[in-house]
Amino acid sequence: MRSPLFRLIGQRIAIGIILLWAVSGLIFTGTQILPGDVAQAILGQQATKDSLAAVRIELGLNKPAIVRYGEWLEGAVQGDFGRSYVNQDDIATAIGHRLGNTLFLAFWAAVISVPLALLLGMLSVLYRDTLLDRILSIVTLSTVSLPEFFSGYLLIYIFGVQLRWFPASALIYNGMGIWDRLYAIALPCATLVLVIVGYMMRMTRAAILNVMSSAYVETAELKGLSKFRIIWRHALPNAVAPIIQVIALNLAYLVVGVVVVEVIFVYPGMGQYMVDSVAKRDVPVVQACGLIFAAVYIVLNLVADVAAILANPRLRHPR
Amino acid sequence: MSDIPNVLTPSGLKRRSLLGGAAAFGLAVPFAGALGRARAADATPVKGGNLKIGMSGGQSSDSLDPALLTNYAPTLFNYCWGETLINVGLDGTPQPNLAESWTSSKDAKIWTLKIRKGVTFHNGQTLTADDCVKTLQRHMDPKTKSGALGVLGGIASVATDGDAMVITLSGANADLPLLVTDYHLVVQPGGGIDKPTAGIGTGPYKVGNVQPGVRYSGTKYAGYWNSELGHVDSVDVIVMNDDTARSAALQSGQVHIINQVDPKIVSFMKRNPRVVIETVAGRGQNIFNMFCDTGPFKNNDVRMALKLAMDREQLTKQIMLGYASIGNDFPINKAYPLFPSDIPQRTCDPDQAKFFYKKSGNTDPIVLRSAEVAFSGAVDAATLFQQQAQKAGIPVQVVREPDDGYWSNVWNKKPFSASYWGGRATQDQMYSTAYLSKADWNDTHFFHPEFDTMLLQARGELDTAKRAEMYHDMGMLVRDQGGSLLPFFNDFIDARSSTVMGWVTDANGPLSNYQAPLRVWLKA
Chain X
1 MRSPLFRLIG
11 QRIAIGIILL
21 WAVSGLIFTG
31 TQILPGDVAQ
41 AILGQQATKD
51 SLAAVRIELG
61 LNKPAIVRYG
71 EWLEGAVQGD
81 FGRSYVNQDD
91 IATAIGHRLG
101 NTLFLAFWAA
111 VISVPLALLL
121 GMLSVLYRDT
131 LLDRILSIVT
141 LSTVSLPEFF
151 SGYLLIYIFG
161 VQLRWFPASA
171 LIYNGMGIWD
181 RLYAIALPCA
191 TLVLVIVGYM
201 MRMTRAAILN
211 VMSSAYVETA
221 ELKGLSKFRI
231 IWRHALPNAV
241 APIIQVIALN
251 LAYLVVGVVV
261 VEVIFVYPGM
271 GQYMVDSVAK
281 RDVPVVQACG
291 LIFAAVYIVL
301 NLVADVAAIL
311 ANPRLRHPR
Chain E
320 MSDIPNVLTP
330 SGLKRRSLLG
340 GAAAFGLAVP
350 FAGALGRARA
360 ADATPVKGGN
370 LKIGMSGGQS
380 SDSLDPALLT
390 NYAPTLFNYC
400 WGETLINVGL
410 DGTPQPNLAE
420 SWTSSKDAKI
430 WTLKIRKGVT
440 FHNGQTLTAD
450 DCVKTLQRHM
460 DPKTKSGALG
470 VLGGIASVAT
480 DGDAMVITLS
490 GANADLPLLV
500 TDYHLVVQPG
510 GGIDKPTAGI
520 GTGPYKVGNV
530 QPGVRYSGTK
540 YAGYWNSELG
550 HVDSVDVIVM
560 NDDTARSAAL
570 QSGQVHIINQ
580 VDPKIVSFMK
590 RNPRVVIETV
600 AGRGQNIFNM
610 FCDTGPFKNN
620 DVRMALKLAM
630 DREQLTKQIM
640 LGYASIGNDF
650 PINKAYPLFP
660 SDIPQRTCDP
670 DQAKFFYKKS
680 GNTDPIVLRS
690 AEVAFSGAVD
700 AATLFQQQAQ
710 KAGIPVQVVR
720 EPDDGYWSNV
730 WNKKPFSASY
740 WGGRATQDQM
750 YSTAYLSKAD
760 WNDTHFFHPE
770 FDTMLLQARG
780 ELDTAKRAEM
790 YHDMGMLVRD
800 QGGSLLPFFN
810 DFIDARSSTV
820 MGWVTDANGP
830 LSNYQAPLRV
840 WLKA
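Those sequence lines, one after another, are chains X and E.
Heads up, the first sequence is in this note's numbering, so the first residue is 1 and it goes up one at a time.
Heads up, the second sequence is in this note's numbering, so the first residue is 320 and it goes up one at a time.
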């Protein structure tokens, strides 16, 4: 009974690795076919033939692309992303700080929004078609529809500028205490929660309702179980797979898609770092960011798949 | 200086404005005179507090090495920890700083700068003339990446002479003291040759926690020599490239000072009693360039007709919302020392314009190329000018060019296009960069031997009155024969909290010419 489960999980992991490898190829090719020569971009108008050649050799650009790809991949697998073209900093170290900040924000947004979404989803099923359900539906629809920059600016205006309860910009720096950090990220965290909680809540509601129409729920109803107990013990476990999927997608968004939030709240995370580097044509940094984003996406999807398989025995035996 | 404007930073600043504007706008420090201009009631500085400045213009790729400065935020922080030999005063004249006095030979070729005594670096070392010499040498090295290389191009050699340094030029230049005010040239121990990014200087604040593109912090250096500057205990420069984030941070009290306020929100911010808007007319200019050697513009009557057809007041009001000062078709305004203020202001005169246009005999439509990257509002400005020219019967056709590649494909390539200049520290620098016949960036193709001679003469002229007269004549030449159609000079618009005291209005650059953290104090 156990071996097919492990084989399935192993398969998913293998697919994930192949996918990541394919993405690495795409990223490398993409940054190679960008218009303009890297050496020229670094030296600008001061470039002479000799200095261009010198920079190319220094950066290893004289080697064929496939060799450079191999070297890059070899380093990346070992966690070495090389050095920034612009300021010669070690990219892995620089990304370490940035990724830490992005994950910190993502973590707290997830800690708040996942339970909140599940709770609200169950509530709206419990009070289906009542006023509460409708209010929840309207509110989440509108928060989901508002672009982050709008809800972000709205929160800044109300809670930062008018009420002065929270800082308008989320300034984080090394050596800051945890409570100061949490206070600083209050508004961007709230913005992210507003964006994702709606998706997850509506998905939870739909998934549970889908299960509610099945025969075993009817049986449970006939047994005289309370509505809450039916949802909690019988419907939710069976609806867990699609819910996990949507949660994983939203968690990936929290890491990969927060560029706008990071910019408007001046939050020093990965998104800002990548935007800066694109502007300066700092190719190795862009490649490293791209690869990390892809990895986060693939790993979270993998986890979601595996979790769904574990949660629902029926998925272990695909027909 | 080969800082052709082809790089766009996230804050929308082109390199030329930074290098041009800032390189040259350079520096200043308020000695007694500056403080005298602060409001009388706020005249006694209060010591202490943590000053926070939210700034656009900073990236994670920035460096502490003064030679590599291009962005606003690190440039401002550069002045917190480092000092130049000489500063630009509020009136544009050189003021003593690390060099307490200077003299030149009669031919303005050999300059001797006396280095101040009793100044220490943050590492405890005493400032010597040797440090100053090595600093200049580092930036003069042809292999350097320093943005000051071009400024120092006329220097043949530097050497120490006891407690002084001697600068020998290859050609006469009366403006030498102003050249060494360039913001890249902060003096570092040993010239910063070994450790250019160490952040060790003689400034009022020691470098603390630094994360490029995020935050720069400094704390008061106890051994600082100048008691008139550096009033707060600590300074935080926080990079906020997003316009809205920056203004919200100021309005919410999170920061005390911000730069680059969008003219569109100035009136909105003024409603907040805790916010004070600080504007000053700078030397940066928005401009339409005509090639004096190409097409219809070869004929000075066409150029004159277009100049007379332009309604500068209307353009300033509608495009810059009033945050600009009117231009007069030569690249100098009253922010420059020796500004020829008696040159009459050109006004819109459709009848005269019509006359000159008829006289030129030109009938083809005049093609004006514009793009938003040329300057904010450039496309609207071109369209508005098209309507103004119509009143004089001049058919102008506006072509909107893509932002991408504008600086490489249109600017200085097409005969009539929108552009801008960040200004320079001196008239000589401005003219040498863009109006001298052999200048790399002669973007109006103004080839005028008489003008060239006058420029070189004025450069070596030590008699101020004579020099002013030469600059007057040069201004007239460019105004009446040049290819610059120059509607306005931009204002710097900064904003501060009402708790920030001692603000000095300084036209040399934004944020009180980057000296705000040195000059202001916080209300107790």
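Glycine is no exception: its CB is placed at the ideal position from the N, C-alpha and C atoms.
Near residue i, which residues of its chain fall below 7 Å by C-beta distance, leaving aside the five closest residues on each side in sequence?
| i | result |
| --- | --- |
| Ala220 (chain X) | Ile230, His234 |
| Tyr153 (chain X) | Ile264 |
| Ser566 (chain E) | Ile577, Val580, Ile584, Met588 |
| Phe159 (chain X) | Trp165, Phe166, Leu187 |
| Ala341 (chain E) | Low local confidence applies: a pLDDT of 37 at Ala341 (chain E) is under 50, so the model's placement there is unreliable, with the coordinate-based value given in what follows. Excluding positions up to five away in sequence, the list reads Thr394, Tyr502, Gly828. |
Should residue i be labelled buried (16 or more other beta-carbon atoms within 10 Å of its own) or exposed?
| i | result |
| --- | --- |
| Asn62 (chain X) | exposed |
| Lys757 (chain E) | exposed |
| Asp561 (chain E) | buried |
| Met559 (chain E) | buried |
| Met176 (chain X) | exposed |
| Gln287 (chain X) | buried |
| Ser226 (chain X) | exposed |
| Trp179 (chain X) | exposed |
| Ile135 (chain X) | exposed |
| Ala53 (chain X) | exposed |
| Thr102 (chain X) | buried |
| Ser489 (chain E) | exposed |
| Ser605 (chain E) | Looking at the sequence shown, residue 605 (chain E) is not Ser but Asn. By the 10 Å Cβ count, Asn605 (chain E) comes out buried. |
| Trp21 (chain X) | exposed |
| Ser571 (chain E) | buried |
| Glu720 (chain E) | buried |
| Gly511 (chain E) | buried |
| Gly802 (chain E) | buried |
| Val823 (chain E) | buried |
| Ile33 (chain X) | exposed |
| Arg435 (chain E) | buried |
| Lys371 (chain E) | buried |
| Gln213 (chain X) | Note on identity: in this sequence residue 213 (chain X) is Ser, with Gln being the wrong assignment. Ser213 (chain X) comes out exposed. |
| Ile519 (chain E) | buried |
Taking 6 Å as the limit between beta carbons, can you name the residues of its chain near residue i, skipping five residues before and five after?
| i | result |
| --- | --- |
| Phe150 (chain X) | none |
| Gly542 (chain E) | Thr439 |
| Gly290 (chain X) | Ile27 |
| Ala843 (chain E) | Val365 |
| Arg602 (chain E) | Ala654, Gly742 |
| Leu19 (chain X) | Ile298 |
Can you check DSSP and say which residues form a bridge with residue i?
| i | result |
| --- | --- |
| Ala483 (chain E) | E:Lys433, E:Asp480 |
| Phe716 (chain E) | It is worth fixing the name first, because residue 716 (chain E) is Gln in this sequence and not Phe. For Gln716 (chain E), which the question treats as bridged, DSSP gives the partners E:Val686. |
| Val407 (chain E) | E:Pro413 |
| Phe808 (chain E) | E:Gln604, E:Ser644 |
| Gly373 (chain E) | E:Ile557, E:Ile577 |
| Ala737 (chain E) | E:Phe607 |
| Leu841 (chain E) | E:Val819 |
| Ser465 (chain E) | None; Ser465 (chain E) has no bridge partner. |
| Ala418 (chain E) | E:Ile434 |
| Thr439 (chain E) | E:Thr445 |
| Asp90 (chain X) | X:Arg83 |
So residue i and residue j are supposed to be a Cβ contact under 8 Å. How far apart are they, rounded?
| i | j | result |
| --- | --- | --- |
| Tyr655 (chain E) | Gln746 (chain E) | 5 Å |
| Asp552 (chain E) | Asn369 (chain E) | 6 Å |
| Ser423 (chain E) | Ile429 (chain E) | 7 Å |
| Val144 (chain X) | Tyr199 (chain X) | 6 Å |
| Val197 (chain X) | Ser113 (chain X) | 4 Å |
| Pro415 (chain E) | Val407 (chain E) | Actually they do not touch by this definition, with Cβ atoms about 12 Å apart. |
| Arg98 (chain X) | Tyr253 (chain X) | Incorrect: roughly 17 Å between the Cβ atoms, too far for contact. |
Tell me which same chain residues have a C-beta within less than 8 Å of the C-beta of residue i, skipping the five on either side of it?
| i | result |
| --- | --- |
| Val275 (chain X) | Val259, Val263 |
| Val303 (chain X) | Ala248 |
Taking Cβ-Cβ distances shorter than 7 Å, what residues in chain C pair up with residue i?
| i | result |
| --- | --- |
| Arg457 (chain E) | The structure shown contains no chain C; its protein chains are X and E. |
message: To test your reading of the DSSP string, which unbroken alpha helix (DSSP H) runs of 4 or more residues are found completely within the region 524-601 of chain E?
response: Fully enclosed alpha helix (DSSP H) runs of 4 or longer: 562-570, 582-589.
message: So within the region 619-661 of chain E, which uninterrupted alpha helix (DSSP H) runs reach at least 4 residues, ignoring any that extend past its ends?
response: Within the region 619-661 of chain E, complete alpha helix (DSSP H) segments of at least 4 residues are found at 619-628, 631-638, given in chain order.
- request: Return the chain-ordered ranges of every beta strand (DSSP E) run that is complete within the region 777-822 of chain E and spans a minimum of 3 residues.
  value: Unbroken beta strand (DSSP E) stretches of 3 residues or longer found wholly inside the region 777-822 of chain E: 803-816, given in chain order.
- prompt: What are the start and end residues of each continuous alpha helix (DSSP H) run of 4 or more residues lying completely inside the region 169-219 of chain X, in chain order?
  reply: Listed in chain order, they are 178-184, 186-212.
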